[in-house]
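Peer 1:
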Amino acid sequence: MDKPFIGQRTMDNLTARCPECFRVFDLMDEVDAQEFYYGHDCES
Ligand SMILES: [Zn+2]
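The opening residue of the sequence shown carries number 6 in the numbering used here; numbering runs sequentially from there.
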């Protein structure tokens, strides 16, 4: 069995989905992360 690539094992931790609008945020992206943590327009 091949060893997993270290760069791939944290993939699930790099994105987050808003439970209200189901928008997926890229937490490695500064703007996306700010919108996820500080709020965004779910209605838009
Ligand atoms: Zn939302």
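The beta carbon of each residue, even a glycine, is placed where N, CA and C say it ideally should be.
The structure presented is a predicted model; accordingly, all values stated were derived computationally and were not measured.
CB-CB under 6 Å to Arg22, same chain, minus the five flanking residues each way: which ones, in chain order?
Peer 2: Result list for Arg22: Val29, in chain order.
Peer 1: According to the neighbour-count rule (16 or more other Cβ atoms, all chains shown, within 10 Å of its Cβ), is Phe27 buried or exposed?
Peer 2: Phe27 should be labelled exposed.
Peer 1: Using DSSP with H/G/I as helix, E/B as strand and the rest coil, what is Phe3?
Peer 2: Absent from the model: residue 3. The displayed extent of the chain is 6 to 49, so no value can be given.
Peer 1: May I ask whether a heavy atom of ligand 1 can be found less than 7 Å away from the beta carbon of Glu35?
Peer 2: Incorrect: Glu35 has no Cβ contact closer than 7 Å to ligand 1.
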